[in-house]
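Enquirer: My questions will all concern the structure given below.
There are 2 protein chains.
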Amino acid sequence: MEKAKRTEISTLGEFGLIDKLTQHIQLKNTSSVKGVGDDAAIIQPATTQVITTDILVEGIHFDLVYTPLKHLGYKSVIVNLSDVYAMNATPKQILVSIAISNRFSVEAIEEIYEGIQLACTKYNVDLIGGDTTASPKGLVINVVAIGEQEKSKIVTRNTAKEGDLLCVTGDLGGAYMGLTVLQREKQVFLNAPDASIELAGNDYIVGRQLKPEARKDIIEFFAEENIIPTSMIDISDGLSSEILHLCKQSNVGCQLNEDGVPIANETYDKALEFGIDPINCALSGGEDYELLFTILPSDKNKVNAHPDISIIGEMLDENLGVKLFTKGGNYHDIISLGWNSLKDEA
Amino acid sequence: MEKAKRTEISTLGEFGLIDKLTQHIQLKNTSSVKGVGDDAAIIQPATTQVITTDILVEGIHFDLVYTPLKHLGYKSVIVNLSDVYAMNATPKQILVSIAISNRFSVEAIEEIYEGIQLACTKYNVDLIGGDTTASPKGLVINVVAIGEQEKSKIVTRNTAKEGDLLCVTGDLGGAYMGLTVLQREKQVFLNAPDASIELAGNDYIVGRQLKPEARKDIIEFFAEENIIPTSMIDISDGLSSEILHLCKQSNVGCQLNEDGVPIANETYDKALEFGIDPINCALSGGEDYELLFTILPSDKNKVNAHPDISIIGEMLDENLGVKLFTKGGNYHDIISLGWNSLKDEA
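From first to last, the protein sequence lines stand for chains A and B.
All residue numbers for the first sequence refer to numbering that gives the first Met the number 0, where the first residue is 0 and numbers rise by one.
All residue numbers for the second sequence refer to numbering that gives the first Met the number 0, where the first residue is 0 and numbers rise by one.
As structure tokens, then:
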């Protein structure tokens, strides 16, 4: 993968590798008291914390044929920060565990860490600890993210009420179409290694898949506008799946309006090219890392003024079910076809 | 592996599996505000926190030929709690990420979780979150442990001083000899599957390897006796490696007295049977999860009164180096031959 220098991990050993990877870390958040280098890190949180973890496994969550290692490191942090923002909290610390086989060089691991550090810098988060170990085969990255927020402002999934408006940030389905393009080009490459890989014109959707961002800006907008969503979740498994989580945990129904669902032009066109109904990309394609949330009707004007938030539906009495109101004027039950790594595998 | 019922993971999917595994969890610690079931767990810590994580990889850290899944779950928690105790803190919460291939049944994962829950109950820790996903091959478990302690009582590795006494809990080298016996019996089994596996008479050392405990009792003893160690680390990589960490980070030297190093009779006899010098089991064998710490000389009598703490040496001026004083009256430099998964692999 790397053409230049190749240093074997074995020449450094675990402690040497950790020293090399963590030598430039500077803690920025006041709650980060002590980072890497002891049995545990030390945190002095100013207020209530939220904590989340996600494990990314080679061959399940990423394919190194088309995933640059730096992007992988970056994304492994982002998916966790997105969970922290989905609680209306501000991420402060991360811990990163990596299991790697000796097919990777020290330089390759440094690339992963470059991506991790880039995300830390951009999102003002401290890397305070982790674990690095061998793997017989493949690469596994586990990230833990810790955030802070006053207890009264933490937003969970189970507090939506009938009459609340359903909102989503950004646009949906792009990461899924990006993955679809990458998988097609991988097949082209595998069938004819000399063929040219055609990613031109797909920058937006490929970027959504390989280098997603988390919605730090939206949490800051909520704080500025004194909005506390009545419930929130991030979109990692697809809009359908996340709406069903909100409804089930809040004991409410929902009407989702198809014509409100934001889909980028590039996503829309690429879906049609692949013979996929664009709304299905948004409903079932995962990994957009946008925020799905409900607000009080009294916050409607504030939210409407934000250029990157769409109001896409309304929460209903539980007995009315969870429905998609189509552009054609029909109602369909929303069912979860979301990305599910455990079912996919079977 | 399991002879009885076998439910395929695919019949439940990720959310069904998580529901099944977490349905009986009850949070016990006041700082655990909300556990599994949202984008993140919520914690309201009473004081300063410590946080640590360890990743365990099949084929590197454990061998399922001789490791019962319940023990594996238990041990994966213990190794993290041990790191929390090594900070003189009390563990309160854990998060568990598991990546599993579909060669495992739901019942197999339930066995792992039984071990995890058993450790939680015994050590009064809450399982508040995690992640469960597919793996193309093999089993990976990542555990995060969070503990609490007043900031002034947290003990790190870098605060030992010349004249402090070096102490260790329990006895050393047992887990390594247990592993040696298990690996021998595995070879016997592989060479002749009908041969009988001979673990009788090795209960203590095999138990040290498969089902270690963390030294909760010692942290409680420190609190009762108003002892704050001047530095502390847990023994996961072997006594040599841990002493070198304390000395390097504290900028001190050390004299370790061989005749003070506690080795159980069963460990001692088994080492001789395998032609290994017992002191080397203690120095270089890992995974004992005992605590290595330094105390002020004024705390000597209190520590001496504890039946399971041995005073094994003294911290010296840095220029005197890190030495083993042998039973034969000689001085040897202590070098690290500790277990190191990244070097082993090479």
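Quick reminder that beta carbons are idealized off the backbone N, C-alpha and C, glycines included.
(1) Closest to residue 138 of chain A by CA distance: which of A:61, A:106 and A:50 is it?
(2) Select from B:252, B:278, B:319 and B:151 the residue whose C-alpha is nearest the C-alpha of residue 261 of chain B.
(3) Have a look at residue 235 of chain A and residue 39 of chain A and give me their C-alpha separation to the nearest angstrom.
(4) Please name the residue or residues paired with residue 166 of chain A in a DSSP beta bridge.
(5) Is it buried or exposed for residue 199 of chain A, if we count other Cβ within 10 angstroms and need 16 for buried?
(6) Counting only Cβ pairs nearer than 7 Å, list the residues of chain A close to residue 256 of chain B.
(7) Taking 7 Å as the cut-off, decide whether the C-beta atoms of residue 311 of chain B and residue 243 of chain B are in contact.
(8) To the nearest whole angstrom, what separates the beta carbons of residue 122 of chain B and residue 72 of chain B, a pair I think is in contact under 8 Å?
(9) DSSP beta-bridge partners for residue 253 of chain B?
(10) Using DSSP bridges, identify the partner residues of residue 51 of chain A.
(11) How about residue 110 of chain B and residue 4 of chain B: do their beta carbons lie closer than 7 Å?
(12) How many Å lie between residue 70 of chain B and residue 335 of chain B at the Cα?
(13) Taking 7 Å as the CB-CB limit, is residue 21 of chain A close to chain B?
(14) When DSSP labels each residue in this structure, what does residue 332 of chain B get in the three-state scheme?
(15) Given that a residue counts as buried once 16 or more other Cβ atoms are within 10 Å of its Cβ, and exposed if not, what is residue 91 of chain A?
(16) Residue 323 of chain B: which of B:10, B:263, B:35 and B:333 sits nearest, CA to CA?
(17) According to DSSP, is residue 338 of chain B helix, strand or coil?
(18) Residues of chain B with CB under 8 Å from residue 54 of chain A, in chain order?
(19) Going straight from the alpha carbon of residue 29 of chain B to that of residue 148 of chain A, what length do you get?
(20) Mind checking residue 224 of chain B: buried by the 16 CB within 10 Å criterion, or exposed?
(21) Using the Cα positions of residue 43 of chain A and residue 207 of chain B, report the straight-line distance between them to the nearest angstrom.
(22) Answer with yes or no whether the minimum CB distance from residue 83 of chain B to chain A is below 7 Å.
(23) Give the secondary structure of residue 277 of chain B by DSSP, where H, G and I count as helix, E and B as strand, and everything else as coil.
(24) Count the other C-beta atoms from every protein chain shown that fall within 10 angstroms of the C-beta of residue 330 of chain B, then say buried if there are 16 or more, exposed otherwise.
(25) At a Cβ cut of 8 Å, what residues of the stretch 24 to 53 of chain A count as close to chain B, listed as they run along the chain?
(26) Mind pulling the chain A residues with CB within less than 9 Å of residue 156 of chain B?
(27) Just the chain A side, please: which residues come within less than 9 Å of residue 135 of chain B by C-beta, in chain order?
(28) Taking 7 Å as the CB-CB cut-off, is residue 202 of chain B touching chain A?
(29) Applying the 10 Å Cβ sphere with the 16-neighbour rule, what's the burial state of residue 150 of chain A?
(30) In chain B, which residues lie with their C-beta within 9 Å of the C-beta of residue 74 of chain A?
(31) Consider the Cβ of residue 233 of chain B: report whether some Cβ of chain A lies at a distance smaller than 7 Å.
(32) List, in chain order, every chain A residue whose beta-carbon is nearer than 7 Å to that of residue 153 of chain B.
(33) Determine which residues share a DSSP beta bridge with residue 248 of chain A and list them.
(34) Note down, in chain order, each residue of its chain lying with its Cβ closer than 7 Å to the Cβ of residue 153 of chain B, except the 5 sequence neighbours on either side.
(35) Residue 94 of chain A and residue 128 of chain A: beta carbons closer than 7 Å?
(36) Tell me, please, whether the CB atom of residue 86 of chain B is closer than 7 Å to any CB atom in chain A?
Expert: Put simply:
(1) Numbered from its first residue, the first sequence carries residue 138 of chain A at position 139. Comparing Cα-Cα distances from residue 138 of chain A to each of A:61, A:106 and A:50, the minimum goes to A:61.
(2) What you label residue 261 of chain B is simply residue 262 of the second sequence in a count that begins at 1. When each option's Cα is compared against that of residue 261 of chain B, the closest is B:278.
(3) If you number the first sequence from 1, residue 235 of chain A lands on position 236. If you number the first sequence from 1, residue 39 of chain A lands on position 40. Distance between the alpha carbons of residue 235 of chain A and residue 39 of chain A is about 30 Å.
(4) Indexing the first sequence from 1 puts residue 166 of chain A at position 167. Beta bridge pairing from DSSP links residue 166 of chain A with A:292 and A:310.
(5) In the first sequence, counting from the first residue as 1, residue 199 of chain A sits at position 200. In this structure residue 199 of chain A is exposed. Its beta-carbon is surrounded by fewer than 16 other beta-carbon atoms within 10 angstroms.
(6) Counting from one through the second sequence, the residue named residue 256 of chain B turns up at place 257. For the C-beta of residue 256 of chain B, not a single chain A residue is nearer than 7 Å; the gap to the nearest is close to 24 Å.
(7) Position 312 of the second sequence, counted from the first residue, corresponds to residue 311 of chain B. Position 244 of the second sequence, counted from the first residue, corresponds to residue 243 of chain B. It is not a contact, given that the beta carbons lie outside the stated cut-off.
(8) Residue numbering aside, residue 122 of chain B sits at position 123 when the second sequence is read from its first letter. Residue numbering aside, residue 72 of chain B sits at position 73 when the second sequence is read from its first letter. Not a contact, Cβ separation roughly 13 Å.
(9) Walking along the second sequence from the start, residue 253 of chain B turns up at place 254. Paired residue(s): B:314 and B:321.
(10) Position 52 of the first sequence holds residue 51 of chain A. Bridge partners of residue 51 of chain A: A:144.
(11) By 1-based counting over the second sequence, the position of residue 110 of chain B is 111. By 1-based counting over the second sequence, the position of residue 4 of chain B is 5. For residue 110 of chain B and residue 4 of chain B, no; Cβs fall outside 7 Å.
(12) Position 71 of the second sequence, counting from 1, holds the residue named residue 70 of chain B. Position 336 of the second sequence, counting from 1, holds the residue named residue 335 of chain B. Distance between the alpha carbons of residue 70 of chain B and residue 335 of chain B is about 29 Å.
(13) Stepping through the first sequence from its first residue, residue 21 of chain A is reached at position 22. No, because no Cβ of chain B sits closer than 7 Å to the Cβ of residue 21 of chain A.
(14) As a working note, residue 332 of chain B is residue 333 in the second sequence. Three-state DSSP puts residue 332 of chain B in a strand.
(15) For this step, residue 91 of chain A is matched to residue 92 along the first sequence. Residue 91 of chain A should be labelled buried.
(16) By 1-based counting over the second sequence, the position of residue 323 of chain B is 324. Checked all of B:10, B:263, B:35 and B:333; the closest Cα to residue 323 of chain B is B:333.
(17) The residue given as residue 338 of chain B occupies position 339 in the second sequence. Low confidence applies here, because residue 338 of chain B scores a pLDDT of 49, under 50, leaving its location unreliable and the question unanswered by this model.
(18) By one-based count along the first sequence, residue 54 of chain A stands at place 55. Neighbours of residue 54 of chain A on chain B, chain order: 96, 97, 98, 130, 132, 139 and 141.
(19) For the purposes of this step, residue 29 of chain B is identified with residue 30 of the second sequence, where counting begins at 1. For the purposes of this step, residue 148 of chain A is identified with residue 149 of the first sequence, where counting begins at 1. Straight across, the Cα-Cα distance linking residue 29 of chain B with residue 148 of chain A is about 18 Å.
(20) On the second sequence, position 225 is the one that residue 224 of chain B refers to. It counts as exposed.
(21) Here residue 43 of chain A is taken as the residue at index 44 of the first sequence, counted from 1. Here residue 207 of chain B is taken as the residue at index 208 of the second sequence, counted from 1. Their Cα atoms are separated by approximately 35 Å.
(22) Residue 83 of chain B sits at position 84 when you count from the first residue of the second sequence. So, interface residue.
(23) In the second sequence, the residue the question calls residue 277 of chain B occupies position 278. Three-state DSSP puts residue 277 of chain B in a helix.
(24) Sequence index remark: in the second sequence, residue 330 of chain B carries index 331 (1-based). Residue 330 of chain B counts as exposed, since fewer than 16 other beta carbons sit within 10 angstroms of its beta carbon.
(25) 32, 33, 36, 37, 38, 39, 40, 41, 42, 43, 44, 47, 48, 49, 50, 51, 52 and 53
(26) Counted from its first residue, the second sequence places residue 156 of chain B at position 157. 36, 37 and 38, listed in chain order.
(27) By 1-based counting over the second sequence, the position of residue 135 of chain B is 136. Within chain A, the residues near residue 135 of chain B are 56, 57, 58, 59, 136, 137 and 344.
(28) Stepping through the second sequence from its first residue, residue 202 of chain B is reached at position 203. No, residue 202 of chain B does not count as interfacial toward chain A.
(29) Taking the first sequence and counting its residues from 1, one reaches residue 150 of chain A at position 151. By the neighbour-count rule (16 or more Cβ atoms within 10 Å), residue 150 of chain A is not buried but exposed.
(30) Along the first sequence, one-based indexing puts residue 74 of chain A at 75. Within 9 Å Cβ-Cβ: nothing; residue 74 of chain A doesn't reach chain B, min ~15 Å.
(31) Against the second sequence, residue 233 of chain B aligns to sequence position 234. For residue 233 of chain B, the answer is yes, since a Cβ of chain A falls inside 7 Å of its Cβ.
(32) If you number the second sequence from 1, residue 153 of chain B lands on position 154. Neighbours of residue 153 of chain B on chain A, chain order: 41.
(33) Start at 1 with the first residue of the first sequence, and residue 248 of chain A comes out as number 249. Residue 248 of chain A is not bridged to any residue.
(34) For the purposes of this step, residue 153 of chain B is taken as the residue at position 154 of the second sequence. Cβ neighbours of residue 153 of chain B beyond the five flanking positions: 47, 49, 86, 87 and 88.
(35) Mapped onto the first sequence, residue 94 of chain A falls at position 95. Mapped onto the first sequence, residue 128 of chain A falls at position 129. Taking 7 Å as the Cβ cut-off, residue 94 of chain A and residue 128 of chain A qualify as a contacting pair.
(36) By one-based count along the second sequence, residue 86 of chain B stands at place 87. Yes - at least one Cβ of chain A is within 7 Å of the one on residue 86 of chain B.
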